[in-house]
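Q:
In the UniProt record's numbering, the protein residues as written are 1 to 518.
1) Using a Cβ-Cβ cut-off of 8 Å (strictly less than) and excluding sequence neighbours within five positions of residue 80, which residues of its own chain qualify?
2) Looking only at its chain, what residues have a beta carbon closer than 8 Å to the beta carbon of residue 504, apart from the 5 residues adjacent to it on each side?
3) Can you grab the Cα-Cα spacing for the pair residue 512 / residue 485, in whole Å?
4) Return the CA-CA distance between residue 47 and residue 38, expressed in angstroms with no decimal places.
5) Helix, strand or coil for residue 518 per DSSP?
6) What's the call for residue 71, buried or exposed, on a 16-neighbour Cβ count within 10 Å?
7) Helix, strand or coil for residue 492 per DSSP?
8) Quick check on residue 472: does DSSP put it in helix, strand or coil?
9) I'd like to know if residue 130 contacts chain D, where contact means its C-beta is closer than 8 Å to some C-beta of that chain.
10) Just the C-alpha distance for residue 264 and residue 233, rounded to the nearest angstrom, thanks.
11) To test your reading of the DSSP string, which unbroken alpha helix (DSSP H) runs of 4 or more residues are found completely within the segment 265–306?
12) Checking the sheet assignment: what are the DSSP bridge partners for residue 242?
13) Since residue 287 contacts residue 267 with CB under 8 Å, what's their CB separation in whole angstroms?
14) Report the rounded CA-to-CA distance for residue 239 versus residue 212, giving the unit in angstroms.
15) Would you check if there are 3 or more beta carbon pairs closer than 8 Å linking the segment 112–131 to the segment 154–167?
16) Roughly how many whole angstroms lie between the Cα atoms of residue 258 and residue 300?
17) Short of 7 Å in beta carbon distance, which residues of its chain neighbour residue 400, apart from the five on each side in sequence? Order them along the chain.
18) One question on the structure: do residue 131 and residue 106 come within less than 8 Å of each other, judged by their Cβ atoms?
19) Applying the 10 Å Cβ sphere with the 16-neighbour rule, what's the burial state of residue 427?
20) Taking 6 Å as the limit between beta carbons, can you name the residues of its chain near residue 282, skipping five residues before and five after?
21) Can you tell me which of the three DSSP states residue 405 falls into?
22) To the nearest whole angstrom, what separates the beta carbons of residue 444 and residue 217, a pair I think is in contact under 8 Å?
23) Could you give the DSSP three-state label for residue 90: helix, strand or coil?
24) Tell me which residue opens and which closes the alpha helix (DSSP H) that residue 258 is part of.
25) From residue 496 to residue 514, what does the alpha carbon distance come to, in whole angstroms?
26) Candidates 168, 147, 93: which alpha carbon is nearest residue 127's?
27) So, using beta-carbon positions, are residue 231 and residue 219 closer together than 8 Å?
28) According to DSSP, is residue 381 part of a helix, a strand, or is it coil?
Spelled out as structure tokens, the structure:
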């Protein structure tokens, strides 16, 4: 007998059941996800009349921006019915130009709906400055635009003839200044001063801090004289809006005056009764250096109750408190200028040494330089300053690399040292050296609070534009694969993280919040 069963004949075999595989690029899960995204897209379109959604925007809790961005990236692999559904909803959902351009165009269209057609020949007077600037840039580059973009511009009244007659959008500087002054008055009425306004201060939607910082820079450096009457208007609002002794001192004074208001001062106890260590420490320092303060500072201190007599009493108490019990009392060592001598040191000399010192004439002391230099260093500073002026005249700035030499002089290293010393004084809470104002008069941004590489790239972009080379932040020209284009792209992507002064500098080369895509 055969141990194996006979094999069935071929005709008796039944075909094995095989599960059909889905077509490539298709799955039930992806269809459900697309249907869900399409529902949100339809709702968004009904409200906004477009699908130019920014990548990180959400709508009703759904990441619609990411969903549309992914669909645009995979549009060549999308099933035809999905692409047709999106095109039927919004024909420009995947335009061959950037969605940023599309979003700004919709702003221009909404403006047309409210205010009527645009008037390029008069410089778009009814638009905001940023929107008018964008529209003018489209007119300048009209013939380089995609035909679809030209068609969309024609819908808002800008055809080839209108683009050829376009005039640039101009700021109404006078109206802007009046609006800023109104905000300054409101801020001063609320806070009692303008010294607390920093460059980042925003008051009721107005960038008051940036505007006031610019006015202070113009007032101090004389680089751009203030219009007639503006300094007087600011002085009428707050007399110390731009003090000669710096804002740090003025802000400390305002805090101290608020702390001592309505309270009797006790200089014989070093103001300990105030129970405010920062204010107490500041008041002691002002009393110790009272004779070195300007008359304006002394007058402000007098308004707060710190007169010359109060300062003298505080100094005397500081010297007495510093003595040990075994040390004999030292007579008052104030000089004729009202400035107290140094705190007590070793015990006074006795015997022959005291007699000899009493008979020897006192050696004259050279007064401290208000320039911040010893006499033997002034000539070197003047030499370096002359090289700095020559470099700025040739390059338009002082953002020189460290290895820069100007006629053999190591200007880059000298500027590096000046910046380091200025930052050390700022970290220590000391006022800036007066002689550094001469560097600020040459280049207001010689020591910016941001990285110097960024400042050099800004100057390269500025020189690029002044040379007549193509520069369009919206179209990303120069290309991102170039050094200048890469910097411009990073500046746009990180616009919201930049210092307000950096944003101000970028606005001078046509990079604004709108053109940056924020």
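Where is the CB? At the ideal position from N, CA and C, for every residue including glycine. The structure displayed is predicted, hence computed values, not measured ones.
A: Reading from the atomic positions:
1) none
2) 210, 214
3) 16 Å
4) 14 Å
5) Since pLDDT at residue 518 reaches only 48, below the 50 mark, its modelled position is unreliable, and the value read off the structure follows with that caveat. DSSP places residue 518 in coil when its eight states are reduced to three.
6) buried
7) helix
8) strand
9) Protein chain content of the structure displayed is limited to a single chain, and chain D is not contained in it.
10) 35 Å
11) 277–288, 295–303
12) Answer is none; residue 242 lacks a bridge partner.
13) 7 Å
14) 14 Å
15) yes
16) 13 Å
17) 391, 411, 412, 415
18) no
19) exposed
20) 252, 256
21) coil
22) 6 Å
23) coil
24) 247–260
25) 11 Å
26) 168
27) yes
28) helix
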